[in-house]
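Trainee: Mapping to this note's numbering: the sequence shown position 2 is 2, numbers consecutive.
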Amino acid sequence: MLKCIFGLHGGGLLEGQGVKEFFDRAFHLQPQVSRLAVSAHARKDPAIAQKITELVADTPYLEKLSICPSDIGEAERVLRDADGALFLGGSEELLRERLRTLLIDEIWLSSMSLILGVSAGANVWSTRFYSNDRARIEDGLEVLPVFTVCHHHDEIDEVLKEQRLDRERYIPLKEGESVFIDLHGRNVN
């Protein structure tokens with residue numbers, strides 16, 4: 001079984017776009033995940049995490065579902081106690097800043113079986129990503145050797161066609177679409 005799998009979702013999760021399929025696929029690929037931490041650190045109002053936990057709560061595999069508190073020290077404790085994590089969408093800038101203050105390192109990554117990201121929560125793990133909020137390419141945390149575009153639509157391709165996209169794997173994700181990859185950016189079936 002692969003150690004850490006990343007599930008990247010293009011957005012629209014709160015509207016129910018691909019929710020069941022996304023979580024079913026994630027827990028099919030990594031059925032040993034029993035402790036999932038949900039992070040809303042990409043948002044100034046973390047109350048959205050409660051809504052997501054209601055969507056995930058009936059997942060039969062989970063023994064423990066925890067919402068990461070706003071306090072970084074407490075959030076780090078919750079993340080270290082989990083074997084899976086879900087990072088919700090919002091602001092890539094805010095999430096990237098908060099993840100850099102957490103101890104997101106090789107030791108933490110090697111302890112995780114599943115990292116799920118939605119929209120901004122997917123983009124930040126990449127080498128580079130297209131930010132819809134700021135309409136530009138930005139640097140991610142460089143955990144995954146991919147270039148992601150969440151909320152993808154055809155007009156973005158026009159904006160990106162002048163960019164050099166051959167440095168890393170290009171992953172366009174429309175709302176409701178998802179992909180599961182390993183730490184090398186390879187698809188996981």
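Glycine residues also receive a C-beta, built at the ideal position from the N, C-alpha and C atoms.
Roughly how many angstroms separate the alpha carbons of aspartate 133 and serine 91, rounded to a whole number?
Mentor: For the purposes of this step, residue 133 is taken as the residue at position 133 of the sequence shown. For the purposes of this step, residue 91 is taken as the residue at position 91 of the sequence shown. Answer to the nearest angstrom: the Cα atoms are 8 Å apart.
Trainee: Taking just the CA atoms, how far does valine 78 sit from isoleucine 72?
Mentor: On the sequence shown, position 72 is the one that residue 72 refers to. On the sequence shown, position 78 is the one that residue 78 refers to. Roughly 10 Å separates the two Cα atoms.
Trainee: Note down, one range per segment and in chain order, each beta strand (DSSP E) of at least 3 residues found wholly within the segment 111-146.
Mentor: Runs of the beta strand (DSSP E) inside the segment 111-146: 114-118, 126-131 and 136-139.
Trainee: DSSP has lysine 64 in a bridge; who is on the other side?
Mentor: Position 64 of the sequence shown, counted from the start, is the residue given in the question as residue 64. Answer is Arg35, bridged to lysine 64.
Trainee: Using the beta-carbon count (16 or more within 10 Å), is valine 159 buried or exposed?
Mentor: On the sequence shown, residue 159 is found 159 positions in, with the first residue counted as 1. Exposed is the call here.
Trainee: Under the rule that 16 or more other beta-carbon atoms within 10 Å means buried, what is glutamate 177, buried or exposed?
Mentor: Within the sequence shown, the letter at position 177 stands for residue 177. Glutamate 177 comes out buried.
Trainee: Using the Cβ count rule (16 or more neighbours within 10 Å means buried), how would you classify isoleucine 67?
Mentor: As a first step, residue 67 is located in the sequence shown; it is residue number 67 there, counting from the start. Isoleucine 67 is buried by the Cβ-count criterion.
Trainee: List the whole-angstrom C-beta distance separating threonine 148 from alanine 122, where the pair is believed to meet the contact cut-off of C-beta under 8 Å.
Mentor: Taking the first residue of the sequence shown as 1, we reach residue 148 at position 148. Taking the first residue of the sequence shown as 1, we reach residue 122 at position 122. Indeed they touch by this definition, with Cβ atoms about 6 Å apart.
Trainee: Asparagine 189 by DSSP, collapsed to three states: which one?
Mentor: Counting from one through the sequence shown, the residue named residue 189 turns up at place 189. In the structure shown, asparagine 189 sits in coil (DSSP, three-state: anything other than H, G, I, E or B).
Trainee: Under the DSSP definition of a beta bridge, which residues are partnered with cysteine 150?
Mentor: By one-based count along the sequence shown, residue 150 stands at place 150. According to DSSP, which records beta bridges pairwise, cysteine 150 is partnered with Leu173.
Trainee: Would you kindly check if the distance between the Cβ of cysteine 150 and the Cβ of glycine 7 is under 8 Å?
Mentor: Sequence index remark: in the sequence shown, residue 7 carries index 7 (1-based). Sequence index remark: in the sequence shown, residue 150 carries index 150 (1-based). Going by C-beta atoms, glycine 7 is not nearer than 8 Å to cysteine 150.
Trainee: State the DSSP-derived secondary structure class of isoleucine 72, mapped to helix, strand or coil.
Mentor: Here residue 72 corresponds to residue number 72 of the sequence shown, with the count starting at 1. Of the three classes helix, strand and coil, the one that applies to isoleucine 72 here is helix, per DSSP.
Trainee: Is it the case that the Cβ atoms of alanine 191 and isoleucine 48 are separated by a distance below 8 Å?
Mentor: Because the chain here runs from 1 to 189, residue 191 falls outside it and cannot be looked at.
Trainee: If we call anything under 8 Å between Cβ atoms a contact, is alanine 82 one with arginine 43?
Mentor: For this step, residue 82 is matched to residue 82 along the sequence shown. For this step, residue 43 is matched to residue 43 along the sequence shown. No, Cβ-Cβ distance for alanine 82 and arginine 43 is not below 8 Å.
Trainee: Among the candidates Leu141, Phe87, His184 and Gln30, whose CA atom is the shortest distance from the CA of glutamine 50?
Mentor: Taking the first residue of the sequence shown as position 1, residue 50 is located at position 50. If we check each option's Cα against that of glutamine 50, Phe87 comes out closest.
Trainee: To the nearest angstrom, report how far apart proline 145 and lysine 64 are at their CA atoms.
Mentor: Mapped onto the sequence shown, residue 145 falls at position 145. Mapped onto the sequence shown, residue 64 falls at position 64. Those two C-alpha atoms are separated by around 31 Å.
Trainee: Can you name, in chain order, every residue of its own chain whose Cβ lies under 6 Å from the Cβ of alanine 75, other than the five neighbours on each side?
Mentor: What you label residue 75 is simply residue 75 of the sequence shown in a count that begins at 1. Hits under 6 Å: Cys68 and Pro69.
Trainee: Going by beta-carbon coordinates alone, are isoleucine 5 and glutamine 32 separated by less than 8 Å?
Mentor: By one-based count along the sequence shown, residue 5 stands at place 5. By one-based count along the sequence shown, residue 32 stands at place 32. No; because the gap between Cβ atoms is not below 8 Å, this pair is not in contact.
Trainee: Can you give me the Cβ contacts of lysine 161 inside the same chain, cut-off strictly under 8 Å, excluding the 5 residues immediately before and after it?
Mentor: For the purposes of this step, residue 161 is taken as residue 161 along the sequence shown, with counting starting at 1. Closer than 8 Å at Cβ, skipping near neighbours: no residue.
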